[in-house]
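S.K.:
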Amino acid sequence: MRTILTMLLAAGLLLVPAPEAAASTQPSLGIAGGAIIPGGKLNRDTKIEWDFQYNWAMFIDIPLVKHFHITPSAEIYRVGDLHLSDMCLSFRFMIPTRYLAFHLGIAPGITAAGKQVNINLGGEFGLTGHIVANLAWFANTKYEEIFNDGGGLHTIHLYAGLKFFF
Numbered sequence: 002m003r004t005i006l007t008m009l010l011a012a013g014l015l016l017v018p019a020p021e022a023a024a025s026t027q028p029s030l031g032i033a034g035g036a037i038i039p040g041g042k043l044n045r046d047t048k049i050e051w052d053f054q055y056n057w058a059m060f061i062d063i064p065l066v067k068h069f070h071i072t073p074s075a076e077i078y079r080v081g082d083l084h085l086s087d088m089c090l091s092f093r094f095m096i097p098t099r100y101l102a103f104h105l106g107i108a109p110g111i112t113a114a115g116k117q118v119n120i121n122l123g124g125e126f127g128l129t130g131h132i133v134a135n136l137a138w139f140a141n142t143k144y145e146e147i148f149n150d151g152g153g154l155h156t157i158h159l160y161a162g163l164k165f166f167f
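Following the numbering used here, the numbering of the sequence shown begins with 2 at its first residue and continues without gaps.
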C-alpha cells in the first residue's frame with residue numbers, strides 16, 4: 002500500500018507544472034490520444050449519431066512570435082465503419098500564465114474519408130503545462146465541421162498527450 006501511494010505521489014508531482022510553462026518560443030513535437038464524438042451526415046446515405054470513437058494525433062508547434070503559433074497536425078480516427086484522417090494547420094493565440102499556457106485557435110484543413118477528400122474548419126481550446134525543461138503535457142479540445150455533399154459532419158475532438166521541445 003505504501004509503495005502504491007508513493008508511486009501515485011510521484012506521478013502527481015510530474016503533473017504539477019513548473020513556472021516556465023508560459024508560452025514557449027521553442028518549436029515542439031507532440032503526440033496525443035483521446036476520443037472523438039462525431040454527429041451529422043458522412044454522406045447523403047449515411048447519418049452518424051453522436052458516439053465516442055478513438056483518435057490519435059501528432060503535430061509540430063511552431064512559434065512565429067511568443068504569443069502566436071502555427072501548428073500543422075495530423076489526426077486519425079474512425080466514424081462508423083470508415084477511417085478518417087485530418088490534416089490541419091492551426092493558428093493558435095497563446096495566453097500564458099505563471100504555470101500554464103492556454104491557447105485559442107482556428108484550424109482549417111482537409112479530411113480524407115475513403116476515396117473522398119473534404120474541407121474542414123474547426124475552433125480549438127487547450128492548455129499546456131511543463132513537466133521538465135523540454136517535456137510538457139497538454140490537453141486540447143476542438144470542434145470541427147467537415148463539409149461534404151451530404152450536408153456536413155460535426156466532430157468534437159478531445160485529446161491529451163506529451164510534447165517535446167527542441
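Note that the Cβ used here is the ideal one computed from N, Cα and C, for glycine as well.
To the nearest angstrom, report how far apart A19 and C89 are at their CA atoms.
M.R.: Model confidence at A19 stands at a pLDDT of 47, short of 50, so the residue's coordinates are unreliable; what they give is reported in the following sentence. Rounded to the nearest angstrom, the two C-alpha atoms are 30 Å apart.
S.K.: For K164, count the other beta carbons within 10 Å of its own beta carbon; 16 or more makes it buried, fewer makes it exposed. Which is it?
M.R.: The residue in question, K164, is buried, as its Cβ has 16 or more Cβ neighbours within 10 Å.
S.K.: Closest to P109 by C-alpha separation, out of P97, M59, G123 and V118, would be which residue?
M.R.: Closest option to P109, Cα to Cα, is G123.
S.K.: May I have the straight-line CA-CA distance separating L168 from P97, to the nearest angstrom?
M.R.: The chain is shown only over 2 to 167; residue 168 falls outside these bounds and no answer can be derived.
S.K.: Can you name the start and end residues of the beta strand (DSSP E) that L136 belongs to?
M.R.: Looking at the DSSP string, the run of the beta strand (DSSP E) that includes L136 is L136 to F148.
S.K.: Where DSSP assigns a beta bridge to F103, which residues make up the other side?
M.R.: Looking at the DSSP assignment, F103 forms a beta bridge with I96 and L128.
S.K.: Please give the ranges of any beta strand (DSSP E) in the stretch 55-84, keeping only runs that are unbroken, at least 3 residues long and fully inside the region.
M.R.: Complete beta strand (DSSP E) runs here, min 3: 69-80.
S.K.: Can you tell me whether F167 is helix, strand or coil according to DSSP?
M.R.: Note: F167 maps to coil in three-state DSSP.
S.K.: State the Cα-Cα distance for the pair D82 and Y55, rounded to the nearest angstrom.
M.R.: About 13 Å.
S.K.: Taking F1 as the reference, give the member of I37, I38 and I61 with the closest Cα.
M.R.: Since the first and last residues shown for the chain are 2 and 167, residue 1 lies out of range.
S.K.: Excluding the five sequence neighbours on either side, which residues of its own chain have a C-beta within less than 7 Å of the C-beta of A140, listed in chain order?
M.R.: Cβ within range, chain order: G127, L128 and A161.
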